[in-house]
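*Asks:* Just passing along the structure, written as structure tokens.
Protein chains: 2
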Amino acid sequence: MIVLGIDPGITNMGLGVVEQSGKAHRLLHARLVKTAHSDPAPQRVGEIFQNLRIVIAEFRPQAIAVEEQFFYRQNELSYKVGWAMGAVFIAANEWGLEVYGYGPMKVKQALVGYGHAEKEQVAFMVRAILGLKENPKPTHVADALAIALTHLFYLGRGGGNRI
Amino acid sequence: MIVLGIDPGITNMGLGVVEQSGKAHRLLHARLVKTAHSDPAPQRVGEIFQNLRIVIAEFRPQAIAVEEQFFYRQNELSYKVGWAMGAVFIAANEWGLEVYGYGPMKVKQALVGYGHAEKEQVAFMVRAILGLKENPKPTHVADALAIALTHLFYLGRGGGNRI
Ligand SMILES: [Mg+2]
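Just so you know, the sequences run in chain order A and B. Per my numbering, the first sequence starts with residue 1, numbered consecutively. Per my numbering, the second sequence starts with residue 1001, numbered consecutively.
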């Protein structure tokens, strides 16, 4: 089972591809997509879309999992994370992939065992599960890998929050 | 000059194509794209994207104008309007089109002459400018046509709010 995890954003978007075989997990690919604030929105969302297409075409994930946060203080931020999600959905639809969403507490529950764990504990677990020598960086990529592993965790329990 | 006006939304998306030649304005096309709440998000955003592509391919607008609202009470609503905007940006990028955004007050200023005009006055002006026998319906389509005319108004004054 190969999952593409995504920490969605318009300026920084973390992508992480993880493969599970049996109980083993392996990091296949990690990438940070950055777009310039000074570029027009169609170009920025277009770049995100192209990166998604390239990663999906190369690693052929069987599902996409994204981090969803609804406690954004600013509506404008929610709106712009939505732009990036539009690109995720169109790429997913193009490849016939289902998209799953998990909030930060679900990630902490899955990887650390309780919903109020520290971010450092999540990063430590991602590193341990994937057998990495160092914590994955930058944080958006670490978040993307955590989301992919979170989806595999809930999937293994017959669940998963499809959006 | 042909402009595609859009009232963005994930459940209801209004599209209106308007042509200006000299001082005359003509309605070329109007469409309401509805998606089902019960369908997965990739399918819904995919349907919006396909409708945008079809309308752009048929009417070849030279610009896209969208209604932008930042006073959403709910972050989740802003987020989902963002999903639809992602589709707009990807379609725009595909066709090399610029996207312009205007808030409700800018629409009222452009079409009625003052920013606190009633919605009915905006609808009346859309009908008058386009020479329609009735007010355009439903409201999402009327809003899309108003946005297209708003863009032409600001463009004629050398402006336009590119996003
Ligand atoms: Mg992050």
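C-beta atoms are modelled at their ideal positions from N, C-alpha and C, and glycine is treated no differently.
Determine the direct distance from the alpha carbon of A/Phe-124 to that of A/Tyr-102, and round the result to whole angstroms.
*Replies:* 19 Å
*Asks:* Excluding five sequence neighbours on each side, which residues of the same chain lie with their C-beta closer than 7 Å to the C-beta of B/Val-977?
*Replies:* Outside the modelled stretch of chain B, which goes from 1001 to 1163, sits residue 977 of chain B, for which no answer is possible.
*Asks:* Starting from the C-beta of B/Val-1126, find all residues in its chain whose C-beta is less than 8 Å away, skip the five residues before and the five after it, and write them out in chain order.
*Replies:* Leu-1111, Leu-1132, Asn-1135, Pro-1136, Ala-1142, Leu-1145, Ala-1146, Leu-1149
*Asks:* Considering only their Cβ atoms, is the gap separating A/Val-66 from A/Met-85 smaller than 9 Å?
*Replies:* yes
*Asks:* Could you spell out the range, first to last residue, of the alpha helix (DSSP H) harbouring B/Arg-1060?
*Replies:* Element bounds for B/Arg-1060: n/a, residue is neither H nor E.
*Asks:* Using a Cβ-Cβ cut-off of 8 Å (strictly less than) and excluding sequence neighbours within five positions of B/His-1029, which residues of its own chain qualify?
*Replies:* Cβ contact annotation for B/His-1029 (same chain, cutoff 8 Å, sequence separation greater than five): Leu-1015, Gly-1016, Val-1017, Val-1055, Glu-1058, Phe-1059, in chain order.
*Asks:* Would you mind telling me which residues of chain A sit closer than 8 Å to B/Pro-1104, beta carbon to beta carbon, in chain order?
*Replies:* Correct list: empty, because the minimum Cβ distance to chain A is about 15 Å.
*Asks:* From A/Pro-138 to A/Arg-31, what does the alpha carbon distance come to, in whole angstroms?
*Replies:* 9 Å
*Asks:* Step through the CB atoms of chain A and report whether any lies within less than 9 Å of the CB of B/Pro-1042.
*Replies:* yes
*Asks:* Strictly below 9 Å CB to CB, what residues from chain A border B/Glu-1098?
*Replies:* Pro-40, Pro-42
*Asks:* At least one CB of chain B closer than 9 Å to the CB of A/Met-125: is that the case?
*Replies:* no
*Asks:* Note the first and the last residue of the continuous alpha helix (DSSP H) segment covering B/Glu-1098.
*Replies:* It is not in any alpha helix (DSSP H) - B/Glu-1098 instead sits in the beta strand (DSSP E) that spans 1098-1102.
*Asks:* In the DSSP assignment, find the unbroken alpha helix (DSSP H) run with B/Val-1122 in it and report its ends.
*Replies:* 1119-1130
*Asks:* To the nearest angstrom, how far is the alpha carbon of A/Arg-44 from that of A/Lys-80?
*Replies:* 11 Å
*Asks:* Hey, how far is the Cα of B/His-1151 from the Cα of A/Asn-51?
*Replies:* About 31 Å.
*Asks:* Per DSSP, B/Asn-1012 forms a beta bridge with which residues?
*Replies:* B/Lys-1034
*Asks:* Measuring only between beta-carbons, confirm whether B/Phe-1059 sits less than 9 Å from chain A.
*Replies:* no
*Asks:* To the nearest angstrom, how far is the alpha carbon of A/His-37 from that of A/Thr-11?
*Replies:* The straight-line gap from Cα to Cα measures roughly 7 Å.
*Asks:* Between A/Arg-26 and B/Leu-1027, what straight-line distance do the alpha-carbon atoms span, to the nearest angstrom?
*Replies:* 56 Å
*Asks:* In chain A, which residues lie less than 7 Å from B/Ala-1092 when you measure between Cβ atoms?
*Replies:* Near B/Ala-1092 (Cβ distances below 7 Å), the residues of chain A are Pro-42.
*Asks:* On the DSSP letters alone, give me the boundaries of the beta strand (DSSP E) that A/Ile-6 sits inside.
*Replies:* 2-7
*Asks:* Does any C-beta atom of chain A lie closer than 9 Å to the C-beta of B/Gly-1159?
*Replies:* No, B/Gly-1159 lies away from the interface with chain A (no Cβ there is under 9 Å from its Cβ).
*Asks:* Give the interface partners of B/Lys-1034 over in chain A, defined as CB-CB distance under 9 Å, in chain order.
*Replies:* Here the premise fails: no neighbours, minimum Cβ distance about 17 Å.
*Asks:* Ignore the nearest five residues each way along the sequence and tell me which others in B/Asn-1075's own chain have a CB closer than 7 Å to its CB.
*Replies:* none
*Asks:* Look at the alpha carbon of B/Tyr-1114 and the alpha carbon of B/Pro-1104, and state the distance between them as a whole number of angstroms.
*Replies:* Straight-line Cα distance between these residues: approximately 11 Å.
*Asks:* Please state whether the Cβ-Cβ distance between B/Val-1033 and B/Glu-1019 is less than 9 Å.
*Replies:* No, they are not a contact pair.
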